[in-house]
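Some notes on the structure that comes next.
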Amino acid sequence: MAVWSKEKLEEVGVQSSSVEVLLFDTKDRLLPDAPAKVSEKLINQLNKHGVTVKHKTRVSYWKDGQLFTSDGQKYAVETCIFNPGVEANPVIQKLDLPLTEQHKIIVNHSYQVKNEPHIYSIGDCALIVDHKNNQPDGMTCKEAIPQATRLSKILKAAINGVPLVILHESYPVKFFCISLGPNSGFMWTQKWGIDFTVTGKLGARIRNYTWDLASLHK
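Numbering (numbering that gives the first Met the number 0), first residue to last: 0 to 217.
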């Protein structure tokens with residue numbers, strides 16, 4: 000939004016500095032799964048693109064061009080985009096399957112639904128836990144792709160009547176790749192306890208590559 004709006008204003012001869020993009024976040028910092036220094040680098044990149052981040056601020060409501068926040072402040076905002084995060088598709092609540100309190104399907108280590116050995120579930124709608132650290136998988140493509148690979152092996156073995164146990168392990172690499180417009184991106188990964196960050200045009204190339212990879216498009 001920041002990049003597009005500034006480009007459009009410049010096309011009609013209006014100063015791009017007249018546009019301000021505000022990003023409200025309820026947490027202490029962006030990318031809480033990454034070290035604080037990585038979050039600071041992301042903030043710096045966002046600032047360069049004209050995005051101002053408001054931490055520990057919850058939006059209460061938006062009405063008639065006014066946005067009201069939980070700290071009692073209000074902002075004149077012409078366009079408001081609400082991003083509530085990721086949750087399991089509510090349609091699964093109608094399937095009469097065992098669910099967690101967060102409305103995610105309960106499965107075992109072979110992705111079989113509890114008490115339903117012929118029904119399997121992976122992805123956002125399932126609670127899939129790493130058997131080593133007892134941590135649940137995230138709800139992004141980088142977790143879903145390995146899940147799909149394991150499930151294909153499990154289903155093939157089940158069809159052929161061959162016993163097969165594949166213990167689920169979480170995605171082994173910490174990795175986030177974020178688009179910051181058509182020609183810029185932000186990539187962070189952690190390997191061997193070392194943080195690697197890439198920004199700018201190379202970050203955008205990595206972002207596009209991972210997007211194509213995640214789509215499984217051949």
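C-beta atoms are modelled at their ideal positions from N, C-alpha and C, and glycine is treated no differently.
Would you kindly report the start and end of the unbroken alpha helix (DSSP H) that includes P145?
-> Here the alpha helix (DSSP H) through P145 covers C140 to I158.
Going by CA-CA distance only, name the one from I144, P135 and G180 that's closest to K5.
-> G180
According to the Cβ coordinates, are Q44 and T198 closer than 7 Å?
-> yes
Cβ pair count under 8 Å reaching 3, the region 195-215 against the region 135-153 = yes
When burial is assigned at 16 or more other CB atoms within 10 Å of the CB, is S214 buried or exposed?
-> exposed
Tell me, please, whether the region 182-193 touches the region 58-78 by the rule of three or more beta-carbon pairs shorter than 8 Å.
-> At 8 Å Cβ cutoff, the stretches do not touch.
In whole angstroms, what separates the C-alpha of S109 from that of K173?
-> 24 Å
According to DSSP, is I193 helix, strand or coil?
-> strand
Within this structure, are the beta carbons of T56 and F23 separated by less than 7 Å?
-> In this structure, F23 lies closer than 7 Å to T56 by Cβ.
According to DSSP, which residues form a beta bridge with W187?
-> F175 and T196
Selection from G84, K40 and A156 that minimises the alpha carbon distance to H117 = Shortest Cα-Cα distance from H117 to any of G84, K40 and A156 involves A156.
Out of E19, V52 and H48, which has the shortest C-alpha to C-alpha gap to L29?
-> Of the listed residues, the one whose Cα sits closest to L29 is V52.
With DSSP collapsed to three states, give me the class of Q111.
-> strand
Do you know offhand how far P34's Cα is from G49's?
-> 23 Å
Ends of the alpha helix (DSSP H) at K36?
-> DSSP places K36 in the uninterrupted alpha helix (DSSP H) bounded by A35 to K47.
Skipping 5 residues on each side, what residues in its chain have a beta carbon closer than 8 Å to that of V13?
-> none
Got a sec? Which residues, its chain only, sit under 8 Å from V18 by beta carbon, not counting five neighbours each side?
-> Within the same chain, V18 has close Cβ partners A1, S4, K5, L8 and G49.
CB contact flag (G202, M186, <7 Å) = The answer is yes: Cβ separation under 7 Å.
Mind checking which residues open and close the alpha helix (DSSP H) that includes L21?
-> Not the alpha helix (DSSP H): L21 falls in the beta strand (DSSP E), residues V20 to F23.
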